[in-house]
Structures are given as structure tokens and as C-alpha cells.
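Worksheet: one structure, shown below.
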Amino acid sequence: MAKVTFKGIGIQNLGPYLDRQYLELTVRATKPIVLVNALNGSGKTTLLTCLQVALYGAKAIGNGRTSEFEALIRGLHREDASGPARIDLDLVIETNGASDQITVSREWILGAKLQERLTVTKDGQEDQTLTDEWHEYLDRILPSELLQLFLFDGEKIEALANPKTLPGMLRSATEAFLGIGGIDTLSRDLIAVERRTMLSAKKNSGDYEIAKAELEQLEQQQNAVQSAVDVLKQTLPGAEEQLHKAKEAYEGATLHAERSGLLAYEKAADIKAAEQAARAEVNAAAQAVREALADPFAPLALLGSMWAHYKDQWTAEQDTRAAKHLLTEIERRDRRLLKDLRGGINDKALTLVQQALAQDNERYRRAAGRPTFLMPAPDPESLDSAIKSADQRHKSARKRLASAKQKLADMERQVAAIPEGDQLADILADLKQKSDEQARAEERRNYLLKQLDEQESMLAHVTLRTNAARQRMSKDFQGEALDMKALAAAQRTRAVLAVFKDKLLASKARWLSDKITEEFRALMRKQMLVKEVRVDPDTYDVTIVGGHNKQLPMERLSAGERQLLAIAVLSALIRERRGQFPVVVDTPLARLDRSHREALIKRFFAKVSHQVMVLSTDEEVEGSVYEAMQKYTSKAFVIEFSDARRASSIAEVELPLAA
438 MAKVTFKGIG IQNLGPYLDR QYLELTVRAT KPIVLVNALN GSGKTTLLTC
488 LQVALYGAKA IGNGRTSEFE ALIRGLHRED ASGPARIDLD LVIETNGASD
538 QITVSREWIL GAKLQERLTV TKDGQEDQTL TDEWHEYLDR ILPSELLQLF
588 LFDGEKIEAL ANPKTLPGML RSATEAFLGI GGIDTLSRDL IAVERRTMLS
638 AKKNSGDYEI AKAELEQLEQ QQNAVQSAVD VLKQTLPGAE EQLHKAKEAY
688 EGATLHAERS GLLAYEKAAD IKAAEQAARA EVNAAAQAVR EALADPFAPL
738 ALLGSMWAHY KDQWTAEQDT RAAKHLLTEI ERRDRRLLKD LRGGINDKAL
788 TLVQQALAQD NERYRRAAGR PTFLMPAPDP ESLDSAIKSA DQRHKSARKR
838 LASAKQKLAD MERQVAAIPE GDQLADILAD LKQKSDEQAR AEERRNYLLK
888 QLDEQESMLA HVTLRTNAAR QRMSKDFQGE ALDMKALAAA QRTRAVLAVF
938 KDKLLASKAR WLSDKITEEF RALMRKQMLV KEVRVDPDTY DVTIVGGHNK
988 QLPMERLSAG ERQLLAIAVL SALIRERRGQ FPVVVDTPLA RLDRSHREAL
1038 IKRFFAKVSH QVMVLSTDEE VEGSVYEAMQ KYTSKAFVIE FSDARRASSI
1088 AEVELPLAA
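Our numbering applies: residue 438 is where the sequence shown begins, and numbers increase by one.
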């Protein structure tokens, strides 16, 4: 299998690119990422489109219709350009050990009819054979049907995680990977053999002509319905994306209205009533404070530490009064004692007794001599309970008053924030407009879903009738024996091919289930949310099995998780492709949170291919996300739009040295 690497791309006179802008895109083996950073509208999507168009031309837009491709190029071609629009894509294509330097150049000249000139050079020399066979040569490396798996818009791939569109995309991608297109071609050739055989057998039969006309009419109807189904499947992702944007716009308008006071305006009566209630509570709380202060013990509660000093002083003065009383009694006792002793002992002994009694009384005299200041009063300890009760009542009343005042202040702010009705007129009008746009987008999406269901039912019915008509012709108009054998052989071969195709697809369904599950769980932050992603081997319908072995509807996933599921599907399909082809992703991280972004960088961008271009806005890759990507980034560019020149320029920026 071939390995393709982008060396660089030059763009001139397309979209925002006026002068020729060139990006040198080579990467190192250990750092596969090229980061291109730009604001919205600067040219990221144009760069992605130019890569697709340079490779595949008109086939890059999906259906390959010339009119749509011409409209695309005319829309991108700058009116102020002095020359033709041009894209030069430099490639390195390695096959069987050989390496070729290829440059694909496309140039367009506007006129009544768009003129395109394709030139392919190989190793510096124009190769006319390769130019003529370029699309066939490139399809052998990567079929154009698979281009959108490798070069895709990150904001649109969420639509892949849609239970109606995902099976068809998975099946068609797997068919392209397996080369089943050859089986379909052989089946169509066998149908042609059957027709020729039946024609030779009954070409003059009127019944045959009637049956043939009926079969052709049914086949035309089948093709028309199939085309309608294909168009609806292509249109549905765009409608889903439009609905998603409409929902986001309505949510943003609702948030803006709420911030502008819409909720306050709607609840004005309740807010004002709450303000009056808060004011009444303040008055009641203030009255409670006044009543608490009227308590006769409240002033004592306000003394604080002074009350403790008072109690100490009262106790000390009580001791002084007791000492005075005791001293009086002792002195009276001493006088009686000395009076009784005067006649019975000598003077010297009496003097010694007097001195002893005087020394004993001195300590009582000192205690009784301390000054007193307080008037006689009850024991202060007996008042503590009443003082404490008055203090608690006062504090509780003050706390209630403070809380009531805070609530009143909050309510007054809310009343002040209530806008007047005329201030919300424009906001309400915008909200109604966004609501109407969301309703229209949802109605269109639902209409497309209904149409798709109806067309698929009709397709199944018409296919059944077509097969029945074909079988009748095979039975009724077989002709001669040789023709009958050829016809039978063709029918058997077609049946075998159909079984072989179904078996081949079914064999890949189990592999896809395992690979998508592995990729999805690696990217998910909530590992236990998803146990398995199953791909039905017959229908390719995709179901998600949750942690409790119950089916988890895709609608239950967030927008970011649906995007990760779509990326997991793409990653599984890309890894199935044995050859190596660059991967280019436009705006891949916008709807993801930081942890999902870092997981996507480490497990997808760093491993999915040998060369990965990430086209991001300035807000997608910053902080820890930028640090995570820097480890795997070889080059970084910035696209800057100049209002003065009305054009964008591309410059390489220096990456910080890795720590």
C-alpha cells in the first residue's frame, strides 16, 4: 500500500488568500502534528477545501456534480484578483520502497464557462500520462468516497453520530475499504448478460417487450427513489447542524435575556412583596431590640468585664466588714481578760500578756483598716442568671435585626434591578426570533426525517417489485438451452456474489464493533458510561451498550460525547485503511471540555496518522491543551486577516522548547 505525505500547499486568489500563500508541511516521525491557528473567517475552512479540491477536483464535494463544483470555485475566486485562481499541492508518494516527488497543480480561469487546467509533475518534470490518469491513480490509493474520513470538518462530524445516517456511512466506507465496488460492477455486468440472453431468446415476443418495459420502468423508479434517499441522507446532517446552531442561539438569547433582567421583570410582584415582608421583619426585629434593652438587667449585661471586677470588689469589702466586726469582739474580750488578770499577776506578766494580745490582734486590725467604696448591696452572684438571660435576649434580638436588614438590602437590590417593560422590548423580540428560528430548523429536520422514512419504505417496496419482475422475466423468457444455462449461471453467480458481499461486510462488523468501542472508551472521560459499541452485521445499525448492559440512546450523549463517538468511528475506519494518508481536521475541539480535548490529542491526533493537520481557533488550543499538543507538534502556523487588504496571510510561528 502507498504512503502519502503532504510536503506543502500554495494557494492564490481563492477565498481570503490574495497573494500566493505557501505552507511547508513536512513533519518529524515523533511529532506528526502541524497546527494552524486562526480566528473564524480567516481561512481555515478554505485551506481544508483547497486540500480536498487539489487532490480530487470536482469529486471532492461528494456528489461530483460539475455545476456544484463550478459554483464552489466561482464563490471562492476573488473578484479583485489580477490573475487566475491556483492551488499547488506538493506530495511525497512512497510505493514498494520507491519515493516519488509529486506536485498537483489546478488553475481556474473564469468566463462564461469555468476553465480548469490540471497539471501533475513527477520529480520536477511534467508527466502527461500521470496528469491524464491522475484521478484513477489517486482512487487506487484512497477512493474519493473515503476523502471525508481523512480530511473533515470537526464541527460537522457530530452529525455522523446519528442513528439514521451512521449505518449507511459505515457500510459505504467499509465497502470502499474492501473494494466491494468490483463486486457491484460484476453484478451489474451479470444483469446485463441476463438481459441480453433474454432478449436473444424472446426479442420478437410482444409479451417480452411488455415485461421488459415494466422492468425498465421499475428500475427507473428504483433509481429515482434511491437518488432521493441519497440526497436526503446528504441533506440531513446539514439540517441537524442547523438545528443545533439554532438551539445554541436560542439558549444564548435566553441567557442574555435573563442577565438583562427578564426573570426579575416576570417576578416583579413577588420581589416587591418580598421586599415589604423584609421591611416588616426589620421593624419587628428593631422592636425586639428595644424591648430587650428595656430589661432592668440589660445595662448590667453591657458592663462586660467591669461586672467581674465589681463582684471581686464586693467580696473583698464583705471580708473587710467581717474583719471589723471580729476585731470589735476580740478587743472587748481582751479588755475583760486584762481586767480579770490585774489583781492576780504582777505588772511585768500583765505587760507581756498585753503585748501578746496586741500582736495577735494586729492582723485583724490591718484587714479591718482596708477602705470600702461600695454601698451595701445583695450578693452579685444571685444576679448572674438574670443578667445572662437579658444578655442572650439582647444578642438574639440584634442578630435577628442584622439578618433582617441584610435580607431587606438584598430585596432592595432586586427591586432596583427590575427593568422597565420598554427596556426589554428589543430583547424579547430577539428571543422570539431565535425561538422561531429554532422551531423552523426543528420542523425542517423532522420533515427530512419523515421524508427519509417514506422514501426508504418506498425503496424497499420498489426493490421488491423490481426483483420479482426480474425473476419473472428470467423464468418466462429463457429461450434456448444454451441461453438458459448462461442465464442460470449468471443468476447463480449474482446470488453467490450477493452472499459473498454480505458475508464480507458481516465479517468486518465485529472488528468495527471492537475497534470503535476501543477508540470511544479511550477518548471518553466517563469510562463506565459506555461498555460496548455494537455494529449489527446485517444492517450495520449502531447501538451503544451502557455500564449496566442496557442500550444507551445516542440522544442521551452530550454534544461533545457525540462528537467523540463520531471521531471514534472515523479513527476505526482510518486504522482499517492499510495505507498511510494524512489526516486534516478543521475546528475539532470547539465543543469539547479540557479533559476531552487532551484525550483527543494524545489518543487520536498523536496516533491516527503519520501526518495530522489541526486547523483550530485561538480558543480551542490554549493552556494545558496547547501544552499537550506541543509534545506532538512539528510546526505551527497562524493565519491573520488584514481588514485593510481584505486578505489573509500565513506565517510560521516558533514553537516553545519542550521542557
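We treat Cβ as the ideally placed atom computed from N, Cα and C, and that holds for glycine. Remember, predicted model here, so these are calculated numbers, not experimental data.
For this session: Under 6 angstroms Cβ to Cβ from Leu1007, same chain only, skipping five residues before and after it: list those, please.
Result: Leu586
Exercise. Can Phe1074 and Val1062 be called in contact, C-beta distance under 8 angstroms?
Worked result: no
Problem set entry | Buried versus exposed, by CB contacts within 10 Å (16 or more), Pro808 | Under a 10 Å Cβ-count criterion, Pro808 is classified as exposed, with fewer than 16 other Cβ atoms of the shown protein chains found around its own Cβ.
Problem set entry | Phe1018 - DSSP class collapsed to helix/strand/coil | coil
Exercise. Cα-Cα, which of Gly1060, Phe1018 and Met1066 is closest to Arg1040?
Worked result: If we check each option's Cα against that of Arg1040, Met1066 comes out closest.
Problem set entry | Straight-line gap, Arg633 to Ala923 (C-alpha atoms, nearest Å) | 10 angstroms
Exercise. What is the DSSP secondary structure of Ser995, counted as helix, strand or coil?
Worked result: coil
Exercise. What's the C-alpha gap between Ala650 and Ile510?
Worked result: 42 angstroms
Exercise. Under three-state DSSP, which class holds Ser1079?
Worked result: strand
For this session: Leaving out five residues on either side along the sequence, give the residues of the same chain with a beta carbon under 6 angstroms from the beta carbon of Gln1017.
Result: Excluding five sequence positions before and after Gln1017, the CB atoms of its chain that fall closer than 6 angstroms to its own CB belong to Lys440 and His1047, given in chain order.
Exercise. Which class does Val899 belong to by DSSP, given the choice of helix, strand or coil?
Worked result: helix
Problem set entry | Cβ-Cβ separation, Gln449 to Arg523 (assumed contact under 8 angstroms), whole Å | Taking the Cβ atoms as the reference, Arg523 lies roughly 5 angstroms from Gln449, within the contact range of under 8 angstroms.
Exercise. Got a sec, what are the start and stop residues for the beta strand (DSSP E) Thr503 sits in?
Worked result: Not the beta strand (DSSP E): Thr503 falls in the alpha helix (DSSP H), residues Thr503 to Leu513.
For this session: Helix, strand or coil for Gly983, going by three-state DSSP, please let me know.
Result: DSSP places Gly983 in strand when its eight states are reduced to three.
Problem set entry | Coil, strand or helix - Ala1088 by DSSP | strand
Exercise. Is Arg807 helix, strand or coil when you go by DSSP?
Worked result: coil
For this session: Assign Ala1095 to one of three DSSP states: helix, strand, or coil.
Result: The predicted position of Ala1095 is uncertain, since its pLDDT is 48 and thus under 50; a value taken from the coordinates is nonetheless stated next. Note: Ala1095 maps to coil in three-state DSSP.
Problem set entry | According to DSSP, residues forming a beta bridge with Gly445 | Glu461 and Asp527
Problem set entry | Element boundaries [beta strand (DSSP E), containing Gln552] | Gln552 to Lys559
Problem set entry | Delimiting residues of the alpha helix (DSSP H) encompassing Gln565 | Gln565 to Asp569
Problem set entry | Reduced DSSP category for Glu544 - H, G, I as helix; E, B as strand; rest coil | For Glu544, the secondary structure class from DSSP, reduced to helix, strand or coil, is strand.
Exercise. For His898, is the classification buried or exposed, using 16 other Cβ atoms within 10 angstroms of its Cβ as the cut-off for buried?
Worked result: exposed
Exercise. Using the beta-carbon count (16 or more within 10 Å), is Ile446 buried or exposed?
Worked result: buried
Problem set entry | Pairwise C-alpha distance: Thr482 and Ile1087 | 14 angstroms
Problem set entry | Whole-angstrom distance between Ala866 and Tyr687, CA atom to CA atom | 12 angstroms
For this session: Might you give, ordered along the chain, the residues of its own chain that have their beta carbon closer than 7 angstroms to the beta carbon of Ala918, omitting 5 neighbours on each side?
Result: For Ala918, the predicted model reports a pLDDT of 44, less than 50, meaning its position is unreliable; a value from the coordinates is still stated below. Nothing listed; no residue qualifies.
Problem set entry | Thr976, DSSP secondary structure in three states | Note: Thr976 maps to coil in three-state DSSP.
For this session: Go through its chain and collect everything with a Cβ distance to Leu845's Cβ below 8 angstroms, but skip five positions before and after it.
Result: Answer for Leu845: Glu712, Ala715, Arg716, Glu718 and Val719, listed in chain order.
Exercise. Does DSSP classify Ala918 as helix, strand or coil?
Worked result: For Ala918, the predicted model reports a pLDDT of 44, less than 50, meaning its position is unreliable and no value from the coordinates is stated.
For this session: Have a look at Ala759 and Ala823 and give me their C-alpha separation to the nearest angstrom.
Result: 28 angstroms
Exercise. Is the beta carbon of Asp537 less than 8 angstroms from the beta carbon of Lys559?
Worked result: yes
Exercise. Expressed to the nearest angstrom, what Euclidean distance is found between the alpha-carbon atoms of Val1045 and Gln843?
Worked result: Going by the C-alpha atoms only, they are around 59 angstroms apart.
Exercise. Since Leu485 is in the beta strand (DSSP E), which residue starts that stretch and which ends it?
Worked result: Looking at the DSSP string, Leu485 is not in any beta strand (DSSP E); the run it does join, the alpha helix (DSSP H), is Lys481 to Tyr493.
Exercise. Secondary structure at Tyr1063, three-state DSSP: helix, strand or coil?
Worked result: helix
Exercise. Quick one: what does DSSP say Ala439 is sitting in, helix, strand or coil?
Worked result: coil
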